[in-house]
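Here the protein sequences line up with chains A and V, keeping their order.
All you need for the working numbering is the position in the first sequence, starting with 1, plus 4.
All you need for the working numbering is the position in the second sequence, starting with 1, plus 4.
Working notes, structure below.
There are 2 protein chains.
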Amino acid sequence: MNDLFELVELADKKLLENEKVDASLISGLKTIVSSGGYIGMAQINPTAGNIEYNAKKIAKYIKFSEQIGLDAVVFPELALMGYPIEDTIDRHPIIVEENIKWLKGLADITGNTTAIVGFVEFNKNSKGKKYYNSVAVLKNGAIQGIIRKSLLPAYSEFNDYRYMEPSSVSGVQPAETLGGINFTDCSKLYDGYGISVCEDCWNDGQFFQRTLYNTNPIEELVKEKPKLLINCSASPTRAKKEQLKHNMLKFISSKYKIPFLYVNQTGATDNVSFDGTSRVYDSDGNLIARAKSFEEQFMIVNPYKKTGKIYPLTKGLEKSLTEQKVFTLEYESDLERTYKTIIQGIRDYFAKCGLKRAVLGLSGGLDSTVCAVLMADALGCENVFGVSMPSHITSNESRSDAEELANNLGINFTEAPIRSMIDTTTECLNNLFGKVEEKWGKYYDSSTGAFTNKPNNIYPSFTPDNIQARSRAMFLWGISNEFASCIPIATSDKSELYMGYATINGDMSGGFAPIADVPKTKLFAFARWLNKNREVKNAIPEAIILKKPGAELAINPKTGKPLIAEDALMPYEFLDEIIWRIENKNESYNELLKTEFVYEKHNKISREQKTEWLDKFYRRMSTALYKWSIMPPSVIVEARSINKCDYRQPIISSKINYKGVNEKYINESLGSNSNA
Amino acid sequence: MNDLFELVELADKKLLENEKVDASLISGLKTIVSSGGYIGMAQINPTAGNIEYNAKKIAKYIKFSEQIGLDAVVFPELALMGYPIEDTIDRHPIIVEENIKWLKGLADITGNTTAIVGFVEFNKNSKGKKYYNSVAVLKNGAIQGIIRKSLLPAYSEFNDYRYMEPSSVSGVQPAETLGGINFTDCSKLYDGYGISVCEDCWNDGQFFQRTLYNTNPIEELVKEKPKLLINCSASPTRAKKEQLKHNMLKFISSKYKIPFLYVNQTGATDNVSFDGTSRVYDSDGNLIARAKSFEEQFMIVNPYKKTGKIYPLTKGLEKSLTEQKVFTLEYESDLERTYKTIIQGIRDYFAKCGLKRAVLGLSGGLDSTVCAVLMADALGCENVFGVSMPSHITSNESRSDAEELANNLGINFTEAPIRSMIDTTTECLNNLFGKVEEKWGKYYDSSTGAFTNKPNNIYPSFTPDNIQARSRAMFLWGISNEFASCIPIATSDKSELYMGYATINGDMSGGFAPIADVPKTKLFAFARWLNKNREVKNAIPEAIILKKPGAELAINPKTGKPLIAEDALMPYEFLDEIIWRIENKNESYNELLKTEFVYEKHNKISREQKTEWLDKFYRRMSTALYKWSIMPPSVIVEARSINKCDYRQPIISSKINYKGVNEKYINESLGSNSNA
């Protein structure tokens, strides 16, 4: 059957380029698939809300599938609208009307091939939310049936339940139900297909220790003995998620002895990057087909004959399928996925927003360096401008490292000293501070509850540091103003954002933040990986990787050298393990105190030291909540994040006592009932 | 019965100040309530996540209620945890464990008075989300029963469904079910009380044209003939919401002939301001008690004897109860509510974050003026610093208006010219632009797809404007860095944010944005209202209100005077009606084109002019989505908003076609099926 896949690859290439597929290719494919049972999987990258664009893309694959005579062609969840569309459908119902019109247009072009297309449906019942997350079965010029999503996720980046009504029935409803009246006495299958939408297949009570919902739509479908289970998905990539998804789909298909065909969206919507990697399991739970990750692809499979091609996962991921969910500094198996997740995130954000170019400050440090590499790879080196903006604290090494990096990458580069801006700003600010000091004390004295100008050594002034960071941002936003289709890049990393170690209107400001969900220890591994795996090897100067991270904004009075970040914070290895344990294991302060950290295995630290670092962590995290709330869009990479589309915590909850108290304390605090 | 309310007011005052209530007061109240049927309503302002603080507050009212011998004391939804706690409970389950420990502590101090206290409960079943939004019935030193919220809102600012499990049963479950096993064969009432949580009472199919959920918990409770319906709420204020709430609760109590007692949270959590205004309706649907709005208050009522006191709504709101939901420039009836909503929002954000002071730029324009008044009223004039930062474009009038305003308000004031910063920055940027121009064209030529340096008159450069706005923000953030417990204020208003008419890292940057949900036409009315209704009359110079808004960042080449915002945008009256219609009526482009605007009633405009403004609106709104995503916390005021906690639209959805297309266009675009 090699022929089939070679022919499909050739056709896919033409389809992607919107070129005509050669007649010989078509007739070759026609001959192969004429024996029946062949299904097209259209792993597409729609743009949320751009219905015309999405419809034309869908039409292309429907027409091609018709031409070669496939049984069916399957598209991802909400393919016509693009996922996620969020609250837009509530405020602007016109776009839902439009997607219905285009859906009917798509139905018009169908013939003998069944097209399975995700769209937003109005719920015309007087009860429930206004919309359904639906899939339409199109054939012979008409809508043949509707499948409505039953299980609506509302966690992490998912918000389906906000304006969508969960369907009380599983499987196919008659076409005349468009608008939402459910029939309960009809077959749940269409032509033997048991069709479900994304989350509907994520609730198997035997597979999951804990299920989120009370029904299992797959079980409902299976009762009618489908020949094939089909799931239309929009499932984002996350660390360790491939492992879970593979095991679950394998489990379901082998449990029911029914082949399972899963079509996932690819592309990114703001912060969320979808990995595609559509796949088919046979009725024994064996993987028989798998599409590429982070790319549009059209595949043909025959689930009954076990015909399919397995494209590799991103490198290293196969290995990690057996890894335990434990904290480790061995990031290797996740780095290609990390790279492709971010590259797709950048590329789609720029393309879908109509942006073409990026400018970023190059400090010679790790964060801006990795950002520069990613931007160059995502947008093309000619579309990236790196600006070195040295201050009086910037070392000559940092300046030359930045320039060397730019040369290695082939991006545009210039140097723009910020000395005169710092001097002018400092002078202006000092004048201003003098006037403010006449009315206001600088420091808060908690013992008197008053403000005083008596110097206070507890809180050093960050003003000089911030002037530097903000002057740089002023330069970058200036370029963005003056040069069309260009935005500045925010270079903050996850570890430092957790600690609020980023300047408002400074380095954390930008139009996009590529590495905001990558912890620092992973960034080091990532830099080495980039040096080894990019076409141009070792673009990142070794000196940048070896250097201890530090913002070069202030001098450490103890050493006379620029302050190192780990001095201000704590060792990154330790910090990143706290973050990982909180996000992945939901550990508390006291649990963290008891756990032996990887860092502790090779560094003896006292309990006092550990307590100090943990206290600092919680204190800094609590006051970083505001900064998280104003972060520019970024790409979610890890299993959990602080991205505001993924995690929401009230800013005013900064007084949470993460350590907890004991019962004695509670009883003493509340006193007793004077009547009792 | 006047005695009762006078005594309660005196006691309430002491309780608010955490002072001992006089024995004579207690014995007076004891005598009155000894006849039975008296219930305490504790309208408190908890802090999300600060469980110890909340528990102590709750304990205070429980003890007092016990002392005077009330039948029961009722607290708002999630009183112990604070609402909304959002995703925090998922990432940090420790705080849920803590709230259970404190709940048991509260149970310990109860005697004969039933305390009804909202808290977060673990769901220990293997199915469903991890938590319940619950209320505990505490009495005689123990938890007597649990009520779990059934209807979990997931729209606008509500996200209950993210990590909470909807309860499948209504009413009281036995105490031994703590953790979540539901009994179905027990009484739903506790001591004759039918208790529900917030949204549970918002789904009456006879009252609402459309109900969001399939069950009505109130109807379930009513089946068991409760003597009193009790609802524990955390319901935020919104324009026109009081009208809806009043009509609905009146409808329910008269429909079932059962009195209804409703206790609402007050205070603010980040962007969301809760109005309190707890109330009781008798069994005929008559309002018999209503607490103050936007204040903590302890009330005593007797729903059976129709004993209660009705405190006034915010001024004007009674009038608006009969108003239709139509767009109007008559804002009068909503201005006191607007004022109190924002003042509470500012005050609680500052207090709960441990902030005390604010600094803002005073331009002599309307936005910064209204912000200054609000900040002075919320924080005290001594805690506000106004800085006039004139540039070469700033008129003398603007400077003197700003100073006059500051004097009238009694806030601190200074002038800090930004000329030297602008000059230095401009010089530095021009140098930099020269270097960038060597590699990059400034303008995008869509015909060639290339960038060119051939001047392009379509897009004027905003660089000089933005340098001014950003220099000012640099000054304000500098003060925030240097002076403890102080943040800068972002002065953007709703109309201008809709149009993206705000500078990133400039006027839209700050620690808090007081008027981000107030449209410009309302701000004019608000300014006049402030002048009339504040203790110090006419603090806002008339010249500021009469002036046409404009950022004074650029000169209009046609007039030689500073550019006026309405020239760059469109008349504010017209703009604000578009916004209102989109948010409140979900009207589409074509519907807006057909509607006769209030503006059109007294200004003749051509269809071309209207089309031009509508086109500009949708174009600017589409590219403002990024700015909405990085806005600082603000206060939601209107019925709908663009606050990111309330409305989410993907930034990459900027290509939405809001006009729609016709079927002919669709058929031509998709072509026909070549096989058909």
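Built from N, CA and C at the ideal position, the CB exists for glycine as well.
Just so we're clear, the structure is a prediction, and the values are computed from it rather than from any experiment.
DSSP places Met379 (chain V) inside the alpha helix (DSSP H), whose first and last residues are 370-383. Taking a cut-off of 8 Å for Cβ pairs, the stretch 660-674 of chain A and the stretch 106-117 of chain V touch, as three or more such pairs fall below it. Val124 (chain A) and Glu203 (chain A) have their C-alpha atoms some 16 Å from each other. Note on Arg474 (chain A): 16 or more other CB atoms within 10 angstroms of its CB, so buried under the neighbour-count rule. The contact set of Arg95 (chain A) on chain V, defined by CB atoms closer than 8 Å, consists of Ile586, Glu587, Asn590, Arg644, Tyr651, Gln653 in chain order.
Scanning V:Gly664, V:Gln653, V:Asn661 for the CA closest to the CA of Glu90 (chain A) turns up V:Gln653. With respect to the 9 Å criterion, Ile508 (chain V) and Arg532 (chain V) are not classified as neighbours on the basis of their beta carbons. Just measuring C-alpha positions, the residue of A:Arg611, A:Cys649, A:Gly175 sitting nearest Cys190 (chain A) is A:Gly175. Burial check for Arg611 (chain V): the Cβ neighbour count within 10 Å stays below 16, so the residue is exposed. Inside the stretch 153-237 of chain A, DSSP marks whole beta strand (DSSP E) runs of 3 or more residues at positions 176-178, 197-201, 232-237, from first to last along the chain. For Asp619 (chain A), the enclosing alpha helix (DSSP H) begins and ends at 611-633. Around the CB of Glu340 (chain A), 16 or more other CB atoms lie within 10 Å, so the residue is classed as buried. In terms of Cβ geometry, Ile415 (chain V) and Ala380 (chain V) form a close pair [threshold 9 Å].
DSSP, read as helix, strand or coil, puts Met574 (chain A) in coil. A direct Cα-Cα distance of roughly 5 Å separates Gly445 (chain A) from Asn457 (chain A). For Asn268 (chain V), there are no neighbours in chain A by C-beta distance under 8 Å, as the nearest C-beta there is about 18 Å away. For Tyr335 (chain V), there is no enclosing alpha helix (DSSP H), as DSSP gives it neither H nor E. Rounded to whole angstroms, the gap between the alpha carbons of Glu101 (chain V) and Glu595 (chain A) is 14 Å.
Taking 7 Å as the upper bound on Cβ-Cβ separation, chain V lies near residues Gly482, Ile483, Asn485, Glu486, Phe487, Ala488, Ser489 of the stretch 482-504 of chain A. In this structure, DSSP gives Ser645 (chain V) a state outside helix and strand, which the three-state scheme calls coil.
The beta-bridge partner set that DSSP reports for Ile43 (chain A) consists of A:Ala76, A:Val305.
The three-state secondary structure of Leu265 (chain V), taken from DSSP, is strand. Below the 9 Å Cβ cutoff, chain V contributes Val440, Lys443, Trp444 as neighbours of Phe389 (chain A), in chain order. DSSP links Ala119 (chain V) through a beta bridge to V:Val77, V:Leu142.
Nearest CB-CB separation between Lys229 (chain V) and chain A: not below the 9 Å threshold.
Between Met635 (chain A) and Ile491 (chain V), the gap from beta carbon to beta carbon reaches 9 Å or more. Cys190 (chain A) has a beta carbon lying at 9 Å or more from every beta carbon in chain V. DSSP places Pro545 (chain A) outside both helix and strand once states are collapsed to three, so it counts as coil. Only residues of its own chain outside the window of five on either side were considered, and among them Ser499, Lys524, Thr525, Glu570 have a CB closer than 7 Å to the CB of Tyr576 (chain A), listed in chain order. Under the Cβ distance rule, Lys245 (chain A) does not count among the residues neighbouring chain V, no pair being separated by less than 9 Å. Taking a C-beta distance under 9 Å as the contact criterion, Glu246 (chain V) and Thr281 (chain V) qualify as a contact pair. According to the DSSP assignment, Ile99 (chain V) belongs to the alpha helix (DSSP H) that extends over 98-112. Any Cβ of chain V closer than 9 Å to the Cβ of Leu110 (chain A) would place that residue at the interface, and such an atom is present.
About 7 Å separates the CB atoms of Ser277 (chain A) and Ile640 (chain A); that is less than 8 Å, so the two are in contact. Taking one beta carbon from each stretch, the stretch 216-233 of chain A and the stretch 179-186 of chain A have fewer than 3 pairs nearer than 8 Å; the two do not touch.
Contact of Phe9 (chain A) with chain V is not assigned, every C-beta pair being separated by 9 Å or more.
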